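Chemist: Numbering of the sequence shown is given in the working numbering, commencing with residue 326 and proceeding in unit increments. Note that CB positions come from ideal geometry on N, CA and C, so glycine has one too. Everything numeric in this text was worked out from a predicted model, so none of it was measured. Below is the structure I would like to discuss, written out as structure tokens.
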Amino acid sequence: MKHIIFLIITVFLFLGCSVKNENFLEKQDKFKTKTDELYTLILSISDKIDKNEAYSVAQNSVTYSDYLALKYDAVTPALFNNFLININIKKRGLCYHYANDLLFYLKTKRYKTFDILKVVANENEYFEHNSLIITRYDIDFKDSIILDAWRNSGDLFFSKVKDDKKYFWEVK
326 MKHIIFLIIT VFLFLGCSVK NENFLEKQDK FKTKTDELYT LILSISDKID
376 KNEAYSVAQN SVTYSDYLAL KYDAVTPALF NNFLININIK KRGLCYHYAN
426 DLLFYLKTKR YKTFDILKVV ANENEYFEHN SLIITRYDID FKDSIILDAW
476 RNSGDLFFSK VKDDKKYFWE VK
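Set out below in structure tokens:
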């Protein structure tokens, strides 16, 4: 009897934490809106950033983050996804997986007017977190832009470093 109850609870838990599938048009609209918002934010950090590169990195960051969530079969919240990985139910989807895979993909684009770097918060602590930033040599670190694909399970979070109240970031 205990096994049946455990199975029922587990099924409801997984169903309740599954990522909502949106229809194609809703997803396209969301991607366009997020891409435009990130593009505007990127251009705001320096007038030396090429507009075509800014749009490309915005679009690639938004869409590839979503692709990674699908590839990892991510569930929400992200911490629950981590739990599933830690008990060997899932293989990938930790923050550093998102950061490394997104960094590798974006580096293939060879952007010239900005850099993409890996950053860490709470280094060597239990809740260490890895992400990326878009930056330039001539801007303050706090004005760099965080690209956090893990935080919302593939729905890219982005903001200036100084505006991210959840984490204190450092270059890795």
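(1) Throw me the rounded Cβ distance for the Leu393 and Leu427 pair, which I believe falls under 8 Å.
(2) For Ile470, I'd like the list of residues in its chain whose CB is within less than 8 Å of its CB, leaving aside the five on either flank, ordered along the chain.
(3) Along the chain, where does the beta strand (DSSP E) that runs through Glu495 open and close?
(4) Please confirm whether Thr438 and Asp372 have their CB atoms less than 8 Å apart.
(5) Between Tyr389 and Asn413, what straight-line distance do the alpha-carbon atoms span, to the nearest angstrom?
(6) Is Thr438 helix, strand or coil when you go by DSSP?
(7) Along the chain, where does the beta strand (DSSP E) that runs through Asp473 open and close?
Modeler: To lay it out plainly:
(1) Locating residue 393 in the sequence shown gives position 68, where the first residue counts as 1. Locating residue 427 in the sequence shown gives position 102, where the first residue counts as 1. At roughly 7 Å, the Cβ-Cβ gap stays under 8 Å, so Leu393 and Leu427 are in contact.
(2) Position 145 of the sequence shown, counting from 1, holds the residue named residue 470. Excluding sequence neighbours, Ile470 sits near Leu363, Leu366, Ile367, Ile370, Ile458, Ile459, Thr460, Phe483, Ser484, Lys485 and Val486.
(3) Counting from one through the sequence shown, the residue named residue 495 turns up at place 170. For Glu495, the enclosing beta strand (DSSP E) covers residues Trp494 to Val496.
(4) On the sequence shown, position 113 is the one that residue 438 refers to. On the sequence shown, position 47 is the one that residue 372 refers to. Contact flag unset, no.
(5) As a position in the sequence shown, residue 389 is number 64, starting the count at 1. As a position in the sequence shown, residue 413 is number 88, starting the count at 1. Each residue's alpha carbon lies about 25 Å from the other.
(6) Mapped onto the sequence shown, residue 438 falls at position 113. For Thr438, the secondary structure class from DSSP, reduced to helix, strand or coil, is coil.
(7) The sequence position of residue 473 within the sequence shown is 148, counting from 1. Ile470 to Asp473 is the span of the beta strand (DSSP E), which, as asked, contains Asp473.
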